[in-house]
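Please read the structure below before turning to the comments.
Protein chains: 2
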Amino acid sequence: MTQSRKPLLRALRGERLPRPPWWLMRQAGRYLPEYREMRSRARDFVALCLDPKLAAEVTLQPVRRFGMDAAILFSDILLLPHALGQKLGFEGDGPRLEPIADAAGLARLRPEGAVARLAPVFETVDRCRAALEPRTALIGFAGAPWTVAAYMVEGGGSRDFHRVKAWAYRDPAGFSRLIDLLVETTIDLLSAQLDAGADVVQLFDSWAGILPEDGFRRWVVEPTARIAAALKQRQPECFVIGFPRGAGHYYADYAAAAGVDALGLDTVVPMTVASDLQRRLPVQGNLDPVSLLVGGEKLRRDADALRRGLGRGGYVFNLGHGVLPDTPPEHVAMLARLLAED
Amino acid sequence: MTQSRKPLLRALRGERLPRPPWWLMRQAGRYLPEYREMRSRARDFVALCLDPKLAAEVTLQPVRRFGMDAAILFSDILLLPHALGQKLGFEGDGPRLEPIADAAGLARLRPEGAVARLAPVFETVDRCRAALEPRTALIGFAGAPWTVAAYMVEGGGSRDFHRVKAWAYRDPAGFSRLIDLLVETTIDLLSAQLDAGADVVQLFDSWAGILPEDGFRRWVVEPTARIAAALKQRQPECFVIGFPRGAGHYYADYAAAAGVDALGLDTVVPMTVASDLQRRLPVQGNLDPVSLLVGGEKLRRDADALRRGLGRGGYVFNLGHGVLPDTPPEHVAMLARLLAED
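Chains A and B, in that order, give the protein sequences.
Each residue of the first sequence is one higher than the one before, starting from 1 at the first, in this note's numbering.
Each residue of the second sequence is one higher than the one before, starting from 343 at the first, in this note's numbering.
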């Protein structure tokens, strides 16, 4: 089987490897001059994501330069609301959506055919698969329903996310209709990525960390478990990495009940906790992106500590959050060398 | 001793009370029409904080309306950088400072006399003390050094706080000069508040949650411990509440080593963890501000769960973050009634 030669997939099966496979969240992006060049060729960010030729090129750029063990599809978690009919734009650093505040807003979404409208994304996956070496895994992704709902309801990022939480607290039945819609469409979205050639999918739950216990269970763990179960049913060989960023004390609940194959760990998960979690599932993470930004001895020390601390189990080296735009590409090259050492 | 009749201080000594004493972070603020009226009388937010008559009035407003067990000084954690000579303004929702990026920026600060320049704050404390009933405690506060440094270096809030972290990682010795300066001036600031009549001080470490293990120990725990120890030496009877918001798995380290008398818990600390922490120190928190915003059955259920879960030890009822500006004042009145029930 070709797959078994891919170091990423071996690590996700829990195999211990002499050198951890690695990739970086946002490895394709603004810190790379060749990305900025591609970006300037597209009308806007959404257009770039929906241009298979450009998006595939952007996906492959970092792998060509640094030889990561995986490429991650260049796309955005908000293409799904976009395909559902919600107006989406990117101003400065952050996304802007026309907020959906209630059942009436929900009724205006068009779930039928939404995933089909993202056909260019699947074509991007197909192009990447064809271009990658057999040893390099291809990762697809989606936002987890809670996080996508948060953006859809708030209309963008937020300091306290009180609108989406207020809806979930005030009217859990109504809010669950939005979550259900996202669960169903996300299953289709990720299935189509797997069909097009992705080996692995990652669910980004960037705002998992703002919910107390019962909300975390209901809006983070349960929707993720439904997605993971449906994907496994359709594609028994697929791998699902769950990344409930900021989950803190709830990481253990997530590991136990979300049905994912591996856990993405954010920057502040302590080594002792990471080791405990690794006894249950392979883990991925969690170098501080600022360590990569700073480089030098700090980067060497932090990368070493992760290899020593987590390298004895199923482990994928990654950051605990995305590459920062100011990161010098040479620091990524240095990291690649460090990780290639025995 | 008068102090022993104050329910807040009894709870902070670890006494179990039939009804938990309560106050709310940002209990004086925009959700109150009488606050908005006061705000409109001052030139800007900083001027309001530095007008003892208006600031005292604002401090007392919620206590008059709802009968909390404590008033918290109306002020801002960024008055300290302001007094140190850093330009400060508030635009829209957030603060704006001229960022300090390095040793040269640090050299432009004027620590000598900085705390004395905050004399109006101490006059506010004095006025509040004189106006409050003997059973009502008065809480002073400051930002913890890490959080104040984060604002000073970033120039405001930030999505990833990479500038302050990069300085701390790249040049820990240089960055520690900023932290040391903040430790020293914060000790003076809080001592002066205690001298003026505050019973308790709270250290707000709003950005404690972004640091990995070693950074948390060095930049959150150690500076807090130095401040707490110095205050205890000057004022053996004082109480210090530490609020390392978002500390997650590091709450236990903080409880063990930060030298505070009580722990402020943020919204996402699970009940089991809160109970464990309470075995070491009295705890304060952690109702979700969105529960208060929503009101009704959700508020009743969440408030009950906290009383049942934490009421058997040293416990101060509070939110896990500040009151949201859209909160209906009637919900706070409802909470007051719920907490007055036996």
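All C-beta atoms in this analysis are idealised placements derived from N, C-alpha and C, irrespective of residue type, glycine included.
Would residue 552 of chain B count as contacting chain A if we go by Cβ distances under 8 Å? Taking the first residue of the second sequence as position 1, residue 552 of chain B is located at position 210. Interface residue, yes.
Leaving out five residues before and five after residue 438 of chain B in sequence, what residues of the same chain have Cβ atoms less than 8 Å from its Cβ? To locate residue 438 of chain B, count along the second sequence from 1; it is residue 96. Once the five neighbours on either side are set aside, the close Cβ partners of residue 438 of chain B are 430, 431, 432, 497, 498.
Within this structure, are the beta carbons of residue 541 of chain B and residue 460 of chain B separated by less than 8 Å? What you label residue 541 of chain B is simply residue 199 of the second sequence in a count that begins at 1. What you label residue 460 of chain B is simply residue 118 of the second sequence in a count that begins at 1. When the beta-carbon positions are compared, residue 541 of chain B and residue 460 of chain B stay at least 8 Å from each other.
Compare the C-beta of residue 166 of chain A with all C-beta atoms of chain B and state if any pair is closer than 8 Å. The residue labelled residue 166 of chain A in the question sits at position 166 within the first sequence. Taking CB atoms only, residue 166 of chain A has a neighbour in chain B less than 8 Å away.
Residues of the region 257-285 of chain A with Cβ closer than 9 Å to any Cβ of chain B, in chain order: Only those residues of the region 257-285 of chain A whose C-beta falls short of 9 Å from the nearest C-beta of chain B are listed: 267, 268, 269, 270, 271, 272, 273.
Tell me which residue opens and which closes the alpha helix (DSSP H) that residue 62 of chain A is part of. The sequence position of residue 62 of chain A within the first sequence is 62, counting from 1. 52-66 is the span of the alpha helix (DSSP H), which, as asked, contains residue 62 of chain A.
I'd like the ranges of any alpha helix (DSSP H) spanning at least 4 consecutive residues and lying wholly in the region 429-510 of chain B. Every alpha helix (DSSP H) of 4 residues or more that sits fully in the region 429-510 of chain B is shown, in chain order, as 445-449, 461-473, 487-496.
So with CB distances below 7 Å, who are the chain B contacts of residue 248 of chain A? Here residue 248 of chain A refers to the residue found at position 248 of the first sequence. Taking a Cβ-Cβ cut-off of 7 Å, the neighbours of residue 248 of chain A in chain B comprise 590, 591, 610, given in sequence order.
Spatially closest choice to residue 74 of chain A from A:246, A:248, A:142, A:229, by CA coordinates: Counted from its first residue, the first sequence places residue 74 of chain A at position 74. Minimum Cα distance to residue 74 of chain A is reached at A:142.
First and last residue of the alpha helix (DSSP H) that includes residue 651 of chain B? By one-based count along the second sequence, residue 651 of chain B stands at place 309. 638-652 is the span of the alpha helix (DSSP H), which, as asked, contains residue 651 of chain B.
Do residue 624 of chain B and residue 657 of chain B have their CB atoms nearer than 8 Å? Numbered from 1 along the second sequence, position 282 holds the residue referred to as residue 624 of chain B. Numbered from 1 along the second sequence, position 315 holds the residue referred to as residue 657 of chain B. A contact, by the Cβ cut-off of 8 Å.
Cα-Cα separation between residue 685 of chain B and residue 235 of chain A, rounded to whole angstroms: In the structure as shown, chain B begins at 343 and stops at 684. Residue 685 of chain B is therefore absent and cannot be evaluated.
Closer than 8 Å is the cut-off here; do at least three beta carbon pairs connect the region 402-414 of chain B with the region 439-448 of chain B? Counting Cβ pairs under 8 Å, fewer than three are found: no touch.
With a 10 Å radius around its C-beta and 16 neighbouring C-beta atoms as the bar for buried, classify residue 654 of chain B as buried or exposed. In the second sequence, the residue the question calls residue 654 of chain B occupies position 312. Residue 654 of chain B comes out exposed.
Mind checking the region 487-501 of chain B against chain A and listing, in chain order, the residues whose C-beta falls within less than 9 Å of any C-beta there? Listed by position along the chain: 499, 501.
Using a Cβ-Cβ distance under 8 Å, would residue 429 of chain B count as near chain A? Taking the second sequence and counting its residues from 1, the one referred to as residue 429 of chain B is at position 87. Judged by the 8 Å Cβ criterion, residue 429 of chain B is not in contact with chain A.
Which residue or residues does DSSP assign as beta-bridge partners of residue 373 of chain B? If you number the second sequence from 1, residue 373 of chain B lands on position 31. Per DSSP, none; premise fails for residue 373 of chain B.
Any chance the region 122-138 of chain A sits against the region 597-613 of chain B, with 3 or more Cβ pairs inside 8 Å? These segments do not touch.
Other residues of its chain near residue 392 of chain B: CB distance less than 6 Å, five sequence neighbours each side excluded: As a working note, residue 392 of chain B is residue 50 in the second sequence. The answer, listed in chain order, is 462.
Going straight from the alpha carbon of residue 377 of chain B to that of residue 370 of chain B, what length do you get? The residue labelled residue 377 of chain B in the question sits at position 35 within the second sequence. The residue labelled residue 370 of chain B in the question sits at position 28 within the second sequence. Each residue's Cα considered, the two are about 7 Å apart.
If you measure beta-carbon to beta-carbon, which residues of the region 50-63 of chain A are closer than 9 Å to chain B? When C-beta distances to chain B are compared with 9 Å, every residue of the region 50-63 of chain A stays at or above that value.
At a cut of 8 Å, does the region 240-252 of chain A reach the region 261-269 of chain A through at least three beta carbon pairs? Contact between the region 240-252 of chain A and the region 261-269 of chain A is present, because at least three Cβ pairs lie under 8 Å.
So which of B:425, B:673, B:464, B:563 has the shortest CA-CA distance to residue 452 of chain B? Locating residue 452 of chain B in the second sequence gives position 110, counting from the first residue. Nearest of B:425, B:673, B:464, B:563 to residue 452 of chain B, Cα basis: B:425.
For residue 290 of chain A, decide whether its Cβ has a neighbour in chain B, counting only Cβ atoms nearer than 8 Å. The residue you call residue 290 of chain A lines up with position 290 of the first sequence. Flagged as an interface residue toward chain B: residue 290 of chain A, by a C-beta distance shorter than 8 Å.
Rounded C-alpha distance that separates residue 166 of chain A from residue 177 of chain A: Reading the first sequence from its first residue, position 166 is the one you call residue 166 of chain A. Reading the first sequence from its first residue, position 177 is the one you call residue 177 of chain A. In this structure, the CA atom of residue 166 of chain A is about 15 Å from the CA atom of residue 177 of chain A.
On a Cα-Cα basis, can you pick out the residue from B:560, B:456, B:500, B:643 that is closest to residue 532 of chain B? For the purposes of this step, residue 532 of chain B is taken as the residue at position 190 of the second sequence. Its Cα nearest to that of residue 532 of chain B, the residue B:456 stands out among B:560, B:456, B:500, B:643.
Taking the beta carbon of residue 343 of chain B as the centre, do at least 16 other beta carbons fall within 10 Å, making it buried, or is it exposed? Start at 1 with the first residue of the second sequence, and residue 343 of chain B comes out as number 1. Its pLDDT being 45, under 50, residue 343 of chain B is placed unreliably by the model, and the measurement read from it follows with that caveat. It is exposed - the Cβ of residue 343 of chain B has fewer than 16 other Cβ atoms within 10 Å.
What do you reckon, are the CB atoms on residue 55 of chain A and residue 48 of chain A nearer than 8 Å? Taking the first sequence and counting its residues from 1, one reaches residue 55 of chain A at position 55. Taking the first sequence and counting its residues from 1, one reaches residue 48 of chain A at position 48. One thing to note: residue 55 of chain A has its Cβ within 8 Å of the Cβ of residue 48 of chain A.
Could you name the residues that DSSP lists as bridge partners for residue 285 of chain A? Here the question's residue 285 of chain A lines up with position 285 in the first sequence. Residue pairing by DSSP places residue 285 of chain A opposite A:317 in a beta bridge.
Could you check whether the Cβ of residue 345 of chain B sits closer than 8 Å to any Cβ belonging to chain A? If you number the second sequence from 1, residue 345 of chain B lands on position 3. Note that residue 345 of chain B scores a pLDDT of 46, beneath 50, so its modelled location is shaky and nothing firm can be said.
Would you please state the rounded distance, in angstroms, between the beta carbons of residue 144 of chain A and residue 18 of chain A? I believe it to be under 8 Å. Your numbering for residue 144 of chain A matches position 144 in the first sequence. Your numbering for residue 18 of chain A matches position 18 in the first sequence. Incorrect: roughly 33 Å between the Cβ atoms, too far for contact.
Could you tell me whether the Cβ atoms of residue 23 of chain A and residue 72 of chain A are closer together than 8 Å? Taking the first sequence and counting its residues from 1, one reaches residue 23 of chain A at position 23. Taking the first sequence and counting its residues from 1, one reaches residue 72 of chain A at position 72. It is a contact, given that the beta carbons lie within the stated cut-off.
Per DSSP, which residues does residue 606 of chain B bridge with? Please list them. Counting from one through the second sequence, the residue named residue 606 of chain B turns up at place 264. In the DSSP assignment, residue 606 of chain B forms a beta bridge with B:626.
State yes or no: is the C-beta of residue 613 of chain B within less than 8 Å of the C-beta of residue 637 of chain B? Taking the first residue of the second sequence as position 1, residue 613 of chain B is located at position 271. Taking the first residue of the second sequence as position 1, residue 637 of chain B is located at position 295. Going by C-beta atoms, residue 613 of chain B is not nearer than 8 Å to residue 637 of chain B.
Since residue 668 of chain B and residue 635 of chain B are thought to touch, with beta carbons under 8 Å apart, how far apart are those beta carbons, to the nearest angstrom? Along the second sequence, one-based indexing puts residue 668 of chain B at 326. Along the second sequence, one-based indexing puts residue 635 of chain B at 293. With a contact defined as Cβ atoms closer than 8 Å, residue 668 of chain B and residue 635 of chain B qualify at about 6 Å.
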